[in-house]
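J.: Let me give you the structure first, and then I'll get to my questions.
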Amino acid sequence: MSQENILIINCGSSSLKFAVINPQTEEEFINGLAERLGSPEAGLRWKINGEKGKQAIADADHDAAIGALLSLLRDANLVETIAAVGHRVVHGGESFKESCLVTDEAMQAIEDCTHLAPLHNPANLTGIRVAQKYFPELPQTVVFDTSFHQTMPKQAYMYALPYSLYREHGVRRYGFHGTSYRYVAKQACEMLGLEENNSALLIAHLGNGASASAVLNGESVDTTMGLTPLEGLVMGTRSGDVDANLFSFLNKECGYDIQQITDLLNKKSGLLGISELSNDCRTIEEAMEEGHEQATLAMDVFCYVLAKKLAGMSVALGRIDGLVFTGGIGENSDIIRKRVVEMMSIFGFELSEELNLKHRFGGEGVITTNEQCPKALVVATNEELMIARDTAALIA
Ligand code: ADP
């Protein structure tokens, strides 16, 4: 096999996701996850050509995890097929408007963005350094969650705060899930027969983290996440938008400090917070069917906020060609798609119950009826493939 595959590495603070993909054929040879790194329970799980495997790697850190991954790749005869390593990096601030090769300057610029993503960027940097150690002969690239949104106009990314906070500390809206939007926008245009440079899409990326974006002519013009991934939509455990005075209110009323309130908004809110049951959309849907009141309410709030935000962002587009659902929830939950499309009937959307149900558990396609109306559709995102494509283009 020739050397044309890309190893993709996505390092979190205690986890590491990986995949080996051929960007031309889109074939995925291996994917997997090292998790609970730094603890006695650390483990490695993978799938090679559909076959699952796992291995305990007690107390492994990122370095040991990538070492274990290298052995795995050797055993699967994949090492010689890899042409480059592509890394997912969460925050590129205003320094990175697109993906790039790893250089000393790029590493420094990612480091300089650490104050914007204190949990993620250091982990991403660790992943790059360790990968350089184990794959010294391979070029490495970085693909950012934020860079796609660097095309947003200033009116969309500025907060109405003292300007000095932007100038001196970079306080502005950045947006995330950019790699997914880039991939999905392209796919949606192909499916709708649109030229990407003459298209107007609303895209909802709904996973554990959820955001929506307005994409005009292939470029992000607005998005719901902000300085951090907390802003915007209701998510699994994140609140999305709240009144910022909640901080002083909870401090005075409940005696919570900044860390407690930050945890509450990021880890105890969203679907989990309202339902007091689960952050997982499947569990919420099942409970709803059994008449669980708070699960029903959590779903109502999730859908309403999503529809309201999508409608609001339409002002950035001028017209809507397509409303796209993606991510674990967007690709699977016919219930949420139905509600949101119906709430947006003011724009002319007409749901096809049949097509929507057809895409109940995955699959891609249009879910609205009328040929003339803006269409709603389901697109399966593939961030890994996008990273592989970027990496292949950068090393070409
Ligand atoms: P991440 O942001 O971690 O990548 P995913 O995109 O995998 O998340 O999405 C996870 C979410 O997708 C969870 O809330 C899960 O419940 C939801 N999900 C997955 N399958 C279904 C399904 N069949 N019906 C409803 N929700 C689903």
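If you want the numbering used here, it's the 1-based position in the sequence shown plus 948.
Cβ atoms here follow ideal geometry from the backbone N, Cα and C, with glycine treated the same way.
So, is Asn1304 buried or exposed, given that buried needs 16 or more other C-beta atoms within 10 angstroms?
T.: buried
J.: Check each candidate in Ile1222, Lys1200, Phe1273, Leu1194 and name the one with the smallest Cα separation from Thr1185.
T.: Ile1222
J.: Mind listing which residues have their beta carbon within less than 6 angstroms of any non-hydrogen atom of the ligand ADP? Chain order is fine.
T.: Gly1155, Asn1156, Gly1157, Gly1184, Asp1228, Cys1229, Arg1230, Glu1233, Gly1275, Gly1276, Ile1277, Asn1280, Ser1281, Phe1309
J.: Find out if the Cβ-Cβ distance for the pair Phe1273, Leu1154 is shorter than 8 angstroms.
T.: yes
J.: Whole-angstrom Cβ separation of Met1261 and Ala1160, contact assumed at under 8 angstroms?
T.: 7 angstroms
J.: In angstroms, rounded to a whole number, what distance separates the CA positions of Thr1317 and His1307?
T.: 14 angstroms
J.: Does the Cβ-Cβ distance between Ala1061 and Ser1047 come in under 8 angstroms?
T.: Note that residue 1061 is Cys in the sequence shown, not Ala. Cβ atoms of Cys1061 and Ser1047: not closer than 8 angstroms.
J.: Runs of 4 residues minimum, wholly inside the region 987 to 1069: which ones carry the alpha helix (DSSP H) assignment?
T.: Fully contained in the region 987 to 1069 are the following alpha helix (DSSP H) runs of length 4 or more, in chain order: 1010 to 1023, 1052 to 1060.
J.: Provide the residue(s) that pair with Glu974 in DSSP beta bridges, ordered along the chain.
T.: Beta bridge pairing from DSSP links Glu974 with no other residue.
J.: Pick from Glu1167, Gln1135, Ala1192: whose alpha carbon is nearest that of Glu1312?
T.: Looking at the Cα atoms, Gln1135 is the closest of the given residues.
J.: Check each candidate in Lys1045, Gly1040, Gly1310, Leu1049 and name the one with the smallest Cα separation from Glu1058.
T.: It is worth fixing the name first, because residue 1058 is Ile in this sequence and not Glu. For Ile1058, the nearest C-alpha among the options comes from Gly1040.
J.: By alpha-carbon positions, which one of Asp1007, His1117, Met1173, Lys1002 ends up nearest to Gly1123?
T.: The residue with the shortest Cα to Cα distance from Gly1123 is Met1173.
J.: What separation, rounded to the nearest whole angstrom, lies between the Cα atoms of Asn1193 and Ala1158?
T.: 23 angstroms
J.: Using only alpha-carbon positions, find the residue among Ala1162, Ala1065, Ala1344, Ile1335 that is nearest to Phe966.
T.: Ile1335
J.: Could you say which of Gly1278, Arg1287, Lys1323 lies nearest to Met1183 if we only look at CA atoms?
T.: Gly1278
J.: Under a three-way DSSP split, which group does Ile1315 fall into?
T.: coil
J.: When burial is assigned at 16 or more other CB atoms within 10 Å of the CB, is Glu1179 buried or exposed?
T.: buried
J.: Would His1117 be called buried (16 or more neighbouring beta carbons within 10 Å of its own) or exposed?
T.: Around the beta carbon of His1117, fewer than 16 other beta carbons lie within 10 angstroms, which makes this residue exposed.
J.: With burial defined as no fewer than 16 other Cβ atoms inside 10 Å of the residue's Cβ, what is the status of Lys1257: buried or exposed?
T.: buried
J.: What do you get for Pro1348, buried or exposed, if any count of 16 or more other CB atoms within 10 angstroms of its CB means buried?
T.: Outside the displayed range of the chain (949 to 1344) lies residue 1348, so it cannot be described from this structure.
J.: Could you check where the beta strand (DSSP E) with Asp1170 kicks off and where it finishes?
T.: 1167 to 1171
J.: Start and end of the beta strand (DSSP E) containing Val1090?
T.: 1088 to 1092
J.: Measure the C-alpha to C-alpha separation of Asn1145 and Ile1343 and round it to an integer number of angstroms.
T.: For Asn1145 and Ile1343, the distance between alpha carbons rounds to 26 angstroms.
J.: Whole beta strand (DSSP E) runs in the region 1223 to 1288 with 3 or more residues, listed along the chain?
T.: 1270 to 1274
J.: Kindly identify the DSSP beta-bridge partner or partners of Lys965.
T.: For Lys965, DSSP records a beta bridge to Asn958, Leu981.
J.: Thinking Leu1213 and Val1249 are a contact (beta carbons under 8 angstroms), I'd like their distance in whole angstroms, please.
T.: Going by Cβ atoms, the distance from Leu1213 to Val1249 rounds to 15 angstroms, so no, they are not a contact pair.
J.: Cα-Cα, which of Ile1151, Ser961, Ile996 is closest to Pro1070?
T.: Ser961
J.: Are the CB atoms of Ala1013 and Ile954 within a distance shorter than 8 angstroms?
T.: no
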